[in-house]
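In our numbering, the protein residues as written are 5 to 424. Let me begin by presenting the structure, written as structure tokens, before commenting on it.
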Ligand code: UD1
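What follows is the structure, given as structure tokens:
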């Protein structure tokens with residue numbers, strides 16, 4: 005297992021290029037299983053999770069070449085309909101093959117993904133949505149066994165206790181491409197990654213409209229073709245570098261990103277007192293010593309994303325005043341707080357609310373990464389802490405940030421990857 009060793013207190017400067025979005029790439033690779041033609045995907049981030057999805061696509065019968073962020077993939081035939089536990093346990097997003105296999109083969113057997121470090125992760129909305137389209141689903145021996153004689157377009161209600169679901173919207177959309185008639189998904193998730201998957205499906209030749217809103221309409225039954233498609237930039241990676249600029253009180257140019265996808269994050273940074281300049285595909289963020297506390301209410305898109313909450317907690321630990329973060333999407337997503345407190349942060353957690361009192365300085369410490377975004381928050385804290393920070397279990401970070409320490413080093417950070 006590897007760790008990061010960070011020497012804090014260095015100013016950052018320069019330009020960083022943002023990679024393709026992990027949360028688009030994963031379902032789009034699953035969606036490729038809908039067609040027997042070759043698909044070429046560009047801007048695919050080279051991440052552990054992407055490699056896992058590629059492994060799963062190969063296991064199911066796809067031929068794959070992946071070089072320099074270009075993925076050539078063709079599933080002439082599906083040779084297996086089972087997504088085994090050994091792969092699904094490594095990455096929850098493996099469940100996207102459920103919708104794709106049901107559409108193409110009318111049959112799928114997908115290991116149940118289970119919970120994860122950030123709390124229970126139910127899949128009841130995925131199951132409810134697919135059942136509405138006519139899929140028979142049984143849970144047996146830890147597997148979802150799904151079969152459909154016929155898929156029928158219907159109105160699919162994805163309202164859950166926490167609102168709608170990104171994953172369920174995509175799974176239902178994939179299955180609905182081969183349903184007879186029209187499927188109306190409502191409320192649908194309107195995250196940019198959902199829109200990207202829908203746009204990809206349209207490029208394949210499917211008839212989808214309403215993506216980017218809370219009502220998606222899929223007219224099923226079209227024959228898919230092959231396609232070249234470019235994955236959108238990763239808004240969470242861009243947001244993480246924006247916070248790197250703010251927390252180190254530096255100026256960073258963040259290029260090849262989509263500022264329009266970053267509204268919730270950038271508005272918060274401006275409210276805190278950072279300067280944000282936007283152009284078509286670039287933002288320039290400058291932190292300063294007058295930044296102030298704020299309150300954050302995590303919400304689905306276009307609100308402040310749960311995937312940026314941990315990173316923002318690190319920043320708020322370093323600005324004067326008392327900030328409050330209310331996490332509304334996942335129940336157990338404050339695990340970075342205890343580690344940040346080991347670095348001198350003043351944080352109190354009560355249920356879904358964190359109260360953060362800004363401190364004068366964070367100090368380097370040995371800390372442990374617990375999940376993907378918590379890892380990023382510890383790196384950000386390490387960049388500004390006095391002395392040395394050692395972060396263990398960074399494999400979490402490798403699941404979702406492409407060449408993170410290389411990109412940070414090029415901006416002037418002192419961060420090294422070391423074997424344990
Ligand atoms: C996706 C993202 C993840 C992000 C999350 C919320 C991927 C691979 N992951 O996760 O990075 O943090 O969206 O933006 O794209 N829920 C149910 N029943 C279900 C499904 C979800 O109750 O069947 C609940 C979840 O527990 C959670 C909320 O709905 O409280 C949102 O989850 P969802 O949008 O499904 O997140 P994911 O697709 O798993």
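Beta carbons are placed, not taken as given, at the ideal position from N, Cα and C, and that holds for glycine.
Legend entry - Whole-number beta carbon distance between residue 238 and residue 24, since they are thought to touch under 8 Å: 6 Å
Inset, instruction - In the DSSP assignment, find the unbroken beta strand (DSSP E) run with residue 187 in it and report its ends. - result: 186-190
Inset, instruction - Would you tell me roughly how many angstroms separate the C-alpha atoms of residue 162 and residue 103, rounded to the nearest one? - result: 15 Å
Inset, instruction - Check whether the Cβ atoms of residue 326 and residue 369 sit closer than 7 Å, and answer yes or no. - result: no
Legend entry - C-alpha distance - residue 221 paired with residue 387, whole-angstrom precision: 45 Å
Inset, instruction - Would you identify the three-state DSSP class for residue 293, choosing helix, strand or coil? - result: coil
Legend entry - Every unbroken beta strand (DSSP E) within the stretch 318-397, with a cutoff of 3 residues, ordered by chain: 326-330, 350-354, 357-361, 370-372, 392-396
Inset, instruction - Use the C-beta contact count for residue 130: other C-beta atoms within 10 angstroms, 16 or more gives buried, fewer gives exposed. - result: buried
Legend entry - Paired residues, beta bridge with residue 46 - DSSP: 234
Legend entry - Cα-Cα separation between residue 59 and residue 73, rounded to whole angstroms: 16 Å
Inset, instruction - Would you mind listing the beta strand (DSSP E) stretches within the stretch 118-145 that are 3+ residues and don't spill past its ends, in chain order? - result: 140-144
Legend entry - Exposure of residue 18, with buried meaning 16 or more beta-carbon neighbours within 10 Å: exposed
Inset, instruction - Inspect the CB distances between the stretch 197-206 and the stretch 26-34 and report whether three or more fall short of 8 Å. - result: yes
Inset, instruction - Measure the alpha-carbon distance for residue 114 versus residue 96 and round it to whole angstroms. - result: 11 Å
Inset, instruction - Kindly indicate the opening and closing residues of the beta strand (DSSP E) around residue 97. - result: Premise fails: residue 97 is in no beta strand (DSSP E) and is neither H nor E.
Legend entry - Alpha carbon of residue 9 to alpha carbon of residue 78, nearest angstrom: 41 Å
Legend entry - Meets three-Cβ-pair contact criterion under 8 Å: the stretch 246-264 and the stretch 221-234: no
Inset, instruction - Return helix, strand or coil for residue 72, following the three-state DSSP convention. - result: coil
Inset, instruction - Check residue 279 in the structure and name its three-state DSSP category. - result: strand
Inset, instruction - Compare the Cα-Cα distances from residue 399 to each of 383, 415, 373 and report the closest residue. - result: 373
Inset, instruction - Please find out if some non-hydrogen atom of ligand 1 comes closer than 6 Å to the beta-carbon of residue 198. - result: no
Legend entry - Separation of residue 33 from residue 278, as counted between CA atoms: 37 Å
Legend entry - Where residue 418 sits in the DSSP three-state scheme: strand
Legend entry - Selected residue, minimal CA-CA separation from residue 134, among 99, 125, 300, 121: 99
Legend entry - residue 148 (DSSP reduced to helix, strand or coil): strand
Legend entry - residue 117, buried or exposed, once every other Cβ within 10 Å from all chains shown has been counted against 16: buried
Legend entry - residue 314 beta carbon less than 7 Å from that of residue 381: yes
Legend entry - Identity of the residue in 94, 159, 241, 306 nearest residue 193 by Cα: 306
Legend entry - Per DSSP, the bridge partner or partners of residue 24: 237
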